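Asks: Below is a structure I'd like to ask you about.
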Amino acid sequence: MDMAEPPESSTQVRSRDLEGHRSSLFKFAMLHLRNEAQAEDVVQETLLAAMQGAERFSGDSSVRTWLTGILKHKVLDQIRKSSRERTPDPGRDEESWGDFNELFDERGAYLERPAEWGSPEMALAQKKFFEALERCMEGLPKNTARVFALREIMGLNTDEICKETGVSATNCGVLLYRARTALRLCLDQRWFGGNR
Amino acid sequence: MSKLMLTCKEASRLISERLDRKLGVGQWLALRMHLMLCDGCSRVNRQFQMLRRAMSQLLDSPANRDGTDL
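From first to last, the protein sequence lines are chains A and B. Residues in the first sequence are numbered from 1 upward in steps of one, following this note's numbering. Residues in the second sequence are numbered from 1001 upward in steps of one, following this note's numbering.
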């Protein structure tokens, strides 16, 4: 066949544009869901919804921001769905997690003084730092990671997080503290320790 | 009522909580005072803040920029 390629319609360009964002959308979904099948589903639904609603894209924001906006809703739907389906089990993996009592002496003082990290700009400019952060995130128990991601990546407040996940306000504060402490210790080892 | 002198353990919890909600005046003052006197907790404070910055940049970080904007 010697037929020339038909000129690309705007929707074809659009769907190829969207495909390019798949991996970062998947990463976003995984940080919250920690389940590959679920993450793939929500990304697929997001791309589909975006293609169907392409004319609603105003162009005021970047394609990525627009897609992430759609994905947020899909992720929250998924979280709500799985928190309903789950039998009331606040996550066994979290239960065995202490409150980092081992960091303190009996008077509540740090046994080992927390290390100095130096200028944040140095770390934040490096790709390897963020790779270390991702590995550290993967090391958190599922509910802890989810609550932390909802707070720090999606930017929900604790009331909203309680509502979406069914975790009580007190537990939410505990999980956030544990996440921050675990990540602090993990980065200290994986990143800052190596640079000292 | 919150007490005046916090332990590092209590202070560290409050450093985290302050990132999620407004502390009561008593807690806030006690934490300020502790941070003025305690190097270790001041570091934890900076580390938690740095963590927040890092998380907000995680998906736009150099590690994730490659290949997404073809």
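We put the beta carbon where it would ideally sit given N, CA and C, even for glycine. Computed from a predicted structure; not experimentally measured.
For L103(A), is the classification buried or exposed, using 16 other Cβ atoms within 10 angstroms of its Cβ as the cut-off for buried?
Replies: Looking at its Cβ environment, which holds 16 or more other Cβ atoms inside 10 Å, L103(A) is buried.
Asks: With a cut-off of 8 Å, does the C-beta of C1008(B) fall near any C-beta of chain A?
Replies: Yes, its Cβ sits closer than 8 Å to a Cβ of chain A.
Asks: If we count the other Cβ atoms within 10 Å of its Cβ and call it buried at 16 or more, is Q52(A) buried or exposed?
Replies: Exposed, by the Cβ-count rule.
Asks: Would you mind reading off the limits of the alpha helix (DSSP H) that contains H32(A)?
Replies: It spans 22-33 - the alpha helix (DSSP H) in which H32(A) sits, taken as one unbroken run.
Asks: Keeping to the same chain, check which residues put their C-beta closer than 6 Å to that of V42(A); ignore five residues upstream and five downstream.
Replies: Cβ within range, chain order: A29, K74, V75, Q78.
Asks: Below 8 Å, how does it come out for the region 1039-1048 of chain B and the region 115-130 of chain A: are there three or more Cβ pairs, yes or no?
Replies: A contact exists between the region 1039-1048 of chain B and the region 115-130 of chain A.
Asks: What is the residue span of the alpha helix (DSSP H) that S168(A) lies within?
Replies: No alpha helix (DSSP H) holds S168(A); DSSP gives it neither H nor E.
Asks: Nearest to N35(A) by CA position, among G173(A), S168(A), I70(A), K142(A), is which residue?
Replies: Comparing Cα-Cα distances from N35(A) to each of G173(A), S168(A), I70(A), K142(A), the minimum goes to K142(A).
Asks: Per DSSP, which residues does Y110(A) bridge with? Please list them.
Replies: Answer is F104(A), bridged to Y110(A).
Asks: Where does L71(A) fall in DSSP's three states?
Replies: Helix, per DSSP.
Asks: Using a cut-off of 9 Å between C-beta atoms, extract the partners of G166(A) located in chain B.
Replies: Near G166(A) there are no residues of chain B at all, since even the closest Cβ is about 18 Å away, more than 9 Å.
Asks: Counting only Cβ pairs nearer than 7 Å, list the residues of chain E close to G1024(B).
Replies: Absent here is chain E; the protein component of the structure consists of chains A and B.
Asks: In whole angstroms, what separates the C-alpha of A214(A) from that of M1036(B)?
Replies: Since the displayed chain A opens at 1 and closes at 196, residue 214(A) lies outside it and no answer follows.
Asks: Which residue wins for smallest C-alpha separation from F57(A), given the options D17(A), D105(A), S24(A), G155(A)?
Replies: Ranking D17(A), D105(A), S24(A), G155(A) by Cα distance to F57(A) puts D17(A) first.
Asks: Are there 16 or more other CB atoms within 10 angstroms of the CB of E106(A), so buried, or fewer, so exposed?
Replies: E106(A) comes out exposed.
Asks: Could you check whether the region 1015-1023 of chain B touches the region 167-183 of chain A, counting it as contact only if at least three pairs of C-beta atoms, one from each stretch, sit closer than 8 Å?
Replies: Short answer: they touch.
Asks: What do you get for L1051(B), buried or exposed, if any count of 16 or more other CB atoms within 10 angstroms of its CB means buried?
Replies: With 16 or more Cβ atoms within 10 Å of its Cβ, L1051(B) is classed as buried.
Asks: Assign E112(A) to one of two classes, buried (16 or more other C-beta atoms within 10 Å of its C-beta) or exposed (fewer than that).
Replies: Classification of E112(A): exposed, given that the 10 Å Cβ count is below 16.
Asks: Suppose the cutoff is 6 Å on Cβ atoms and the five residues either side in sequence are ignored; what does the same chain contact list for S83(A) look like?
Replies: These residues qualify, in order along the chain: T165, G166.
Asks: Can you give the Cα-Cα distance for K81(A) and G1040(B), rounded to whole angstroms?
Replies: Roughly 42 Å between the two C-alpha positions.
Asks: Should T65(A) go down as buried or exposed, given a rule of 16 or more other Cβ atoms within 10 Å for buried?
Replies: Under this definition T65(A) is an exposed residue.
Asks: Who are the near neighbours of G139(A) in its chain, counting only those whose CB is closer than 8 Å to its CB and skipping five residues on each side?
Replies: Result list for G139(A): A182, C186, in chain order.
Asks: Is the distance from the Cβ of L1006(B) to the Cβ of L1023(B) below 8 Å?
Replies: Against a cut-off of 8 Å, the Cβ pair of L1023(B) and L1006(B) comes out as no contact.
Asks: Throw me the rounded Cβ distance for the L1059(B) and I70(A) pair, which I believe falls under 8 Å.
Replies: Between I70(A) and L1059(B) the Cβ distance is about 15 Å, and since that is not below 8 Å, they are no contact.
Asks: Determine the direct distance from the alpha carbon of P114(A) to that of N101(A), and round the result to whole angstroms.
Replies: About 14 Å.
Asks: With the cut-off set at 8 Å, would you say A132(A) and R190(A) are in Cβ contact?
Replies: For A132(A) and R190(A), yes; Cβs fall inside 8 Å.
Asks: Just checking: is the beta-carbon of D89(A) within a distance shorter than 8 Å of some beta-carbon in chain B?
Replies: Here the model assigns D89(A) a pLDDT of 48, short of 50, so the residue's position is not dependable and the matter cannot be decided.
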